[in-house]
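Below: one structure, written as structure tokens.
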Amino acid sequence: MTDFDREYPTPTTAGQQTQHSLRRRQLLATAAGAATLSTAGCTETYDTIVGSETDGDETVTIGVLAPEPENDFNGRAIVRSAQVARDLLNETGGINGRTVELAVGNTSGSPLEARREYQRLVLEEDAAVTIGVSTSEVLETIIDDIAEQETLHITAGAATSSVSELVREDYEQYKYHFRAGPVNDYDLGQAQIDFLGDMAPDLGWDSIALLAEDYEWNRGAWETFQDEQSGIDLDIAMEERYPPATDDFSTIYETAEAEGADAVFISTAHTGTDAVVDWTAQEPELGFGGIHVPMQLPTYYDAVDGACQFAVGQSSAPLGAEVTAETPTFEDAYQDAYGESSPVYTGYFAYDAVALFAEAATQAETVDSADLVPVLEDIEFTGSAGQIEFYGRDHEFPHDLAYNRGDTLYFQWQEDDAGNGTQEVIWPDEHATAEYVTPEWL
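Numbering of the sequence shown is given in UniProt numbering, commencing with residue 1 and proceeding in unit increments.
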């Protein structure tokens, strides 16, 4: 995703250019090494069937789709969190008295491989439901298979609203898809508006440069922002959907400064490390915030040698806030199982997807997908990442997680007294763990 070894000069004076390039190389080199270390030791193997300690003749199989669960932090979070949910269920009698097993399908992040694994889980492993996926491209590829198999799928991780539009346009065919989280791409844009409307004055942001990498995943959020920005007292100094190949942000930041922006507000996943490392190395007269997927990783501060300090990001994971009573239940069980306090956001939604399916099956006294669809449509469920209710079949985005203001959080990377990076929630107020800290060069 990131070219860690390439030098990226800034078009400034010669002295500034050298200083920036050296600092950037140091940060990216550290990021490369730390990223390698962060996956070292993750040598557990995810077998096709991940059985529980309680064996029984009658089981319910839940299919788990995840990218590279041995190496990818999103895939690992999905599988581990589903295992935690399975274990808690089996400790309390399983689902309707039946033992819960997981069948794991490694999508490798590939739409084609995801189709193969989905079909294997449903047709060979006899999964009563599938959960997970992680990426929008994979979900868009398997949605027709989900419709063909008429088997429930509860998404964890992918935000694309395109599948929800299919549910609206052809309900009977596509009604088996539900999204446990995050909220869809359009509602992610609404969360941006809500955050800026509340917090921009407190951050000293009277004007922003609105940036987004030109990928399909963030187009819905971009469109929502365009539609709703007039409702907030904030000047948009510049707007740019920059090319996916962008690996040097110095010119973009210089333009933002020249246009009078107080901060850049970005939507980035693939280009996120370059964006934040350039910001720290260049130290422009700009704050930094937005949807930054890599910054959600708990180990990211070390991975970029602190380059994300002072940066603000959006998160669907609680990040230390007790969003619901179920949040510590999950996090404590995850800590006991894996020695880590919490996974990335995909883990919370995978845990919730398994628990949600179990609750619906308990209410209906069956795991039959056709019978569970109306139960899920009416369900009100307390998940680890927030309250779960779905938009109705007549909504613009049926079966998507309904957006609740405050369930999507904004955090800032800060440094504690011991020099460790911490993700501190700064919005909404009811979940805040710290106040915003202005970058020291500002």
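Where is the CB? At the ideal position from N, CA and C, for every residue including glycine.
Each residue's CA atom was taken as its position, placing Ala355 and Ser108 some 25 Å apart. For Leu211, the three-state secondary structure derived from DSSP is strand.
Ala159 counts as buried, since no fewer than 16 other beta carbons sit within 10 angstroms of its beta carbon. In its chain, beyond the 5 residues on either side, Arg80 have a beta carbon closer than 8 Å to the beta carbon of Tyr338. Setting aside the 5 residues that flank it on each side, Gln335 is surrounded in the same chain by Ser341, each with a C-beta closer than 7 Å to its C-beta; the list follows chain order. DSSP, reduced to helix, strand and coil, places Tyr171 within a helical segment of the structure shown. Contact between the segment 367-374 and the segment 127-141 is present: 3 or more CB-CB pairs across the two stretches fall below 8 Å.
For the segment 132-191, the continuous alpha helix (DSSP H) assignments of 4+ residues that do not extend past its boundaries occur at 136-149, 162-169, 171-174, in sequence order.
The three-state secondary structure of Arg405, taken from DSSP, is coil. Within the model, the alpha-carbon separation for Asp145 versus Val60 is close to 21 Å.
Put simply, of Val100, Ser136, Arg98 the residue whose alpha carbon is nearest the alpha carbon of Pro111 is Ser136. Asp202 carries a helical assignment under DSSP once its states are collapsed to helix, strand and coil.
Residue pairing by DSSP puts Met238 in a beta bridge opposite Ala209.
Just measuring C-alpha positions, the residue of Glu326, Asp371, Ala311 sitting nearest Val425 is Ala311. A direct Cα-Cα distance of roughly 6 Å separates Ile208 from Asp235.
A straight line joining the alpha-carbon of Gln229 with that of Leu401 spans about 23 Å. The three-state reading of DSSP puts Gln282 in helix, counting H, G and I together. Taking every protein chain shown into account, the CB of Pro398 has 16 or more other CB atoms within 10 angstroms, so this residue is buried. Between Gly290 and Ile252, the gap from beta carbon to beta carbon reaches 8 Å or more.
The bridge partners DSSP lists for Ile291 are Ser267. Considering only Tyr351, Gly306, Gln309, the residue with the shortest C-alpha distance to Pro328 is Tyr351.
Proximity to Arg98 across Thr255, Ala358, Asp416, Asp417 peaks at Ala358, based on C-alpha coordinates. Nearest to Ala360 by alpha-carbon distance, out of Thr346, Ile379, Asn404, is Ile379.
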